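Residue numbers (our numbering): 88 to 214.
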Amino acid sequence: MSEEKDVCQEYSVNPEAVAAAKSALPDTAILEELSRMFAAFSDASRLRILLSISERELCVCELGEVLGMSMPAVSHHLRRLKDLGLVRTRREGKLVYYSLDDEHVREILAVGREHLAHRQLWQRGKQ
């Protein structure tokens, strides 16, 4: 017997709801860019980098120490994050420091953590 409790048992479409949902979708180029950005958040190493620099800038050497990763590996991830507009750089002599690109990135990280905490509390309440 298949699990169908989360599926409509009757086909019924509200045209107004469908039209409103379609109009809320951005164009394909924006969807693809959003997909690439959120893919960066789905990579554990990149997420650890973003969280590590969420409160203060760090150079590649410092990030390597924090994450237990080689400098080339950290640099690879940072390059991808910079290409996506999630981090920015600041050069000081021979060192390059990385920080979050702007407050929006910090907010995305904070909202993700809040959602996770909320879900964990909700799950505990169901038990």
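In this text, a Cβ means the ideal position worked out from N, Cα and C, and glycines have one as well. Quick caveat, the model's predicted, so the values are computed rather than measured.
Query: Excluding the five sequence neighbours on either side, which residues of its own chain have a C-beta within less than 6 Å of the C-beta of V192, listed in chain order?; Result: L173
Query: Just to confirm the assignment, what range does the beta strand (DSSP E) spanning V174 have?; Result: V174 to E179
Query: What's the gap between the Cα of E97 and the Cα of V105?; Result: 17 Å
Query: Please give me, in chain order, every unbroken run of the alpha helix (DSSP H) with length at least 4 that falls completely inside the stretch 92-116.; Result: 102-111
Query: Using the C-alpha atoms, what's the distance from P113 back to N101?; Result: 21 Å
Query: Distance check for K109 and H164, CA to CA, integer angstroms please.; Result: 35 Å
Query: If you measure between the beta carbons of R133 and L171, is that distance less than 7 Å?; Result: no
Query: Using the C-alpha atoms, what's the distance from E144 back to L182?; Result: 12 Å
Query: Given Y184, which residues of its chain have a CB within under 6 Å of its CB, disregarding the five upstream and five downstream residues?; Result: E144, C146 and R177
Query: Going by beta carbon distance, what residues of the same chain come within less than 8 Å of C148, once the five residues before and after it are set aside?; Result: M158 and L182
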